[in-house]
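Read in our numbering, the sequence shown has 522 at position 519, and its numbers run on one by one without any break.
Here the structure comes first, spelled out in structure tokens, and everything after it is commentary.
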Amino acid sequence: MIRNLNIILIFTSVFMLAGVYALKFSIENTASERTALIALIDSQEGELSLVKADEAVLSQPGHIEPIVRRHQMALAIVPVKQQQFGAFGELPMRPAKPNTAAMDSLFEIPRSRHRPDRCHSRTGGDRIMAVTSEDFGPTIALDGARKARGNLTQNRIRWMVLALVLGFGLVGGRLVQLGMVVPDSTIEGQARDVITATRPPILDRNGLEMAVDIRVPSLFAEPRRIIDVEEAVRKLRTVLPDLDEAWLRNRLTGDKGFVWVQRELSPAIQDQVMRLGIPGIDFITESKRFYPGMTEASHILGSTNIDNQGIAGIEKHMDGENVALLQDLGLARGNALAPVALSIDMRVQHIMHEQLVDAMTRYQAIAAGGVMMDIYTGEIIALASLPDFNPNEPATALVKDSFNRITSGIFEPGSIFKTVTMAGALDSGLVRITDQFDARFGIRFGRFTIDDFHGKHRILSLPEVYKYSSNIGTIRVMQAMGKDAFRAFLSTVGFDQRVPFELPEMRLPTVPKELSEVGAATASFGHGLSVSPLHMVTAYSAFVNGGNYIAPTLYKRDLAEAETLYRRVLQPSTSEAIRYLMRLNALEGSGSQMNKEALGYRVGGKTGTAEKVVDGRYSSTKVTNFFASAFPLDNPRYAMVIMVDEPRAESVTTGTTAGWNAGMVTGRIVQRVAPMLGIAPDFSEILDRNLVPPALR
């Protein structure tokens, strides 16, 4: 249909051009004829005026013969005979109508040559000779000729104008139609602006590139332009032998506009294909995301699909905010977008990732993870989870168990939750740091008894309950606070909702809305509920920064902005007591192995060994170990949580509890990253003594 319209349009254009030239030719001919006619009229009028000039002398008979002779040549009058002159005397006086026969006998005048309107001759004042147009036959209709030719010219002009109007109307209509048609420039339903759109670079807090765009050629075909499909298939497979022949033939057959053949090729392959010279085969340059750090920050960055759209991690979050809008508007095509700066420090990220890889090998663990947070701004400094994937190959993210355990994994936290119980009890005012608790006997609930692992079975002070990680003592602390107040405190710290965070890979915690007596007892030491490591590092940050809850973020945030987001969850005095307990546990409790690895950096924390549920029962051989910490506790700046899943003993002299693996990993990380973060080692004991609450000095 479109082809036929184009043919009609071409013929119309040719017809219009021919009409214009015909009109021009007609006007030129009319002008020349008009000029000739005017010349003829001028000559005839000259002759007529000559006859009229002689009319005055016609009254004298002696002058007629010379006049006739003179006009013989001009008027082509045949000379009259001599005897005919006498006939003038016999003419009637002023006839009402001239005697045509008599005049014809006098003058034999060719009517085609001379037709004067009137000619009068008088003799003796009372006789006249009248020669009129009627005497000489019909006159030349000069006005009629002019009108006829003028009408003919006007008719021609009218018809040509009508033809031009119709022609231009047809052309204009076709142009309007073409203007209303939206050309299909998509490739398999995707707009080229979207395909070629770029993404902003992602930088760490120090300006190091974490994700950038590179330009790559992608091969596409226009089947309706391909002349010989078989030849195209044969030639393409010489350069791209991995393409299935039947699939390629099917792609290149038909009347489709654009179809992909193979995307994200190298410039060398592009050059080879272009040398084949196949009509209907071409390349489009599109953006491909490249991650220089490979797997190190994969769970932070996420990845993009082949269309350069974010499908996980911060890449997906960016699409949800403004990058996708810019791409839809075409503003991101070929433009350099402003870099996105993250809070991540790739130096710390590299060390954490390296230590977690080492931990999986050293302890033969099935998984490991870690997260570090600035306790005052909420900035995430490092976050890693193993197994991970290579974001340059998004398909590797589909490997089993390669999910982000820090944000989307929820676990029973074990004894690191005892810090939460201590913080809530001390902040309630119902428990003081000088209180003592009976841990001599296990606590019985129905037919079940809860006891301590390597318990002291004696009266314990609150600091001893913490550093010995007594389950019995922790239950007594919670009971002194009250189970309802304890459950309310969990909500205050945000354990019953998802942590506000940029990554889309998040999961809701599992915390009972109401706690029974036994439920509250097990929850006090980290069983019977499941939360993510991100929940724990956020809570620990609030516990040591003076009692202010601050939501974590992957974007850079200064202190002034963070302070506007603070939500107080503890009194400053309670925060000081928690810092003392954490440092005490590092010096004298289950964190001592960690402390040996990070001497001088005043690290404090709590271990947690949570038995995993296997076939509906807790397993004594499969555990998930955690170590939650903060440093330096004399002037805390960072909180960190490390987890090791199902570790084994490193040697026969070590164990499988958290202090031997998660704690050791924590110490190694702090020992290496603290100098990078501006924290100098200090071995002075006065710093630790200053942490002791006045009531215990």
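Built from N, CA and C at the ideal position, the CB exists for glycine as well.
Where residue i sits in the DSSP three-state scheme
i, result
"VAL655", "coil"
"SER473", "coil"
"ILE160", "helix"
"ILE309", "coil"
"ASN598", "helix"
"PRO141", "In this predicted model, PRO141 has a pLDDT of only 45, less than 50, meaning its place in the structure is not dependable enough to derive any value."
"GLY373", "strand"
"PRO697", "helix"
"LEU511", "coil"
"ASN253", "helix"
"ASP404", "coil"
"ALA565", "helix"
"GLU467", "helix"
"SER578", "helix"
"ARG671", "helix"
"ALA387", "strand"
"GLN358", "helix"
"TYR641", "strand"
"ASP648", "strand"
"GLU688", "coil"
"THR704", "There is no way to answer for residue 704, as the model of the chain reaches only from 4 to 700."
Anticipated Cβ contact below 8 Å, residue i with residue j, distance rounded
i, j, result
"ILE409", "LEU537", "6 Å"
"VAL264", "PHE223", "6 Å"
"GLU505", "ILE317", "6 Å"
"PRO684", "GLY603", "3 Å"
"SER472", "SER593", "6 Å"
"MET597", "PHE634", "In fact, because the Cβ distance is near 10 Å, the residues do not count as touching under 8 Å."
"GLY210", "GLY417", "Rounded, the Cβ-Cβ distance is 39 Å, inconsistent with contact."
"ALA214", "LEU359", "No, ALA214 and LEU359 are not in contact; Cβ-Cβ is about 21 Å, not under 8 Å."
"ASP404", "PRO394", "Actually they are not in contact, since the Cβ atoms of ASP404 and PRO394 sit about 17 Å apart, beyond 8 Å."
"SER431", "THR477", "The Cβ separation is near 15 Å, so there is no contact."
"ILE354", "ILE672", "6 Å"
"PRO342", "PRO512", "Between PRO512 and PRO342 the Cβ distance is about 34 Å, and since that is not below 8 Å, they are no contact."
"ALA385", "VAL647", "About 16 Å; that fails the 8 Å criterion."
Rounded C-alpha distance that separates residue i from residue j
i, j, result
"GLN367", "ARG651", "6 Å"
"TYR641", "MET375", "7 Å"
"ASP247", "SER301", "33 Å"
"MET514", "ILE347", "The sequence shown places Val at residue 514, rather than the Met named in the question. Cα-Cα distance, rounded: 30 Å."
"PHE444", "VAL468", "14 Å"
"GLU299", "ASN628", "22 Å"
"ARG237", "THR201", "34 Å"
"ILE462", "TRP663", "27 Å"
"LEU206", "GLY296", "11 Å"
"GLU688", "GLY619", "48 Å"
"ASP454", "GLY531", "16 Å"
"LEU699", "TYR583", "11 Å"
"GLU649", "GLU415", "13 Å"
"ASN308", "ARG365", "35 Å"
"GLY381", "ARG560", "8 Å"
"LEU178", "ALA166", "18 Å"
"GLN439", "GLY412", "36 Å"
"ARG447", "MET425", "22 Å"
"ILE230", "PRO282", "7 Å"
"PRO244", "SER221", "16 Å"
Buried versus exposed, by CB contacts within 10 Å (16 or more), residue i
i, result
"SER622", "exposed"
"GLN157", "exposed"
"HIS356", "buried"
"SER46", "exposed"
"LYS599", "exposed"
"THR660", "buried"
"MET585", "buried"
"GLY172", "exposed"
"GLY170", "buried"
"GLU233", "exposed"
"ASN311", "buried"
"PRO555", "buried"
"ASP377", "buried"
"PRO697", "exposed"
Cutoff 7 Å: residue i Cβ touching any chain C Cβ
i, result
"VAL480", "Looking at the structure shown, chain C is missing, and only one protein chain is on hand."
Residue i beta carbon near the ligand COA (any heavy atom closer than 6 Å)
i, result
"GLU225", "Ligands are entirely absent from the displayed structure, and the ligand COA is therefore not among its contents."
Q | Contained beta strand (DSSP E) runs [length at least 3] in the region 581-638, N- to C-terminal order | A | 607-617, 620-634
Q | Ranges of the alpha helix (DSSP H) found wholly within the region 216-251, counting only runs of at least 4 | A | Within the region 216-251, the complete alpha helix (DSSP H) segments of 4 residues or longer fall at 232-242, listed in chain order.
(Q) What ranges does the beta strand (DSSP E) occupy inside the region 263-299, keeping only unbroken runs of at least 3 residues that lie completely in it? (A) 284-293
Q.
What ranges does the alpha helix (DSSP H) occupy inside the region 519-558, keeping only unbroken runs of at least 4 residues that lie completely in it?
A. 520-527, 536-547
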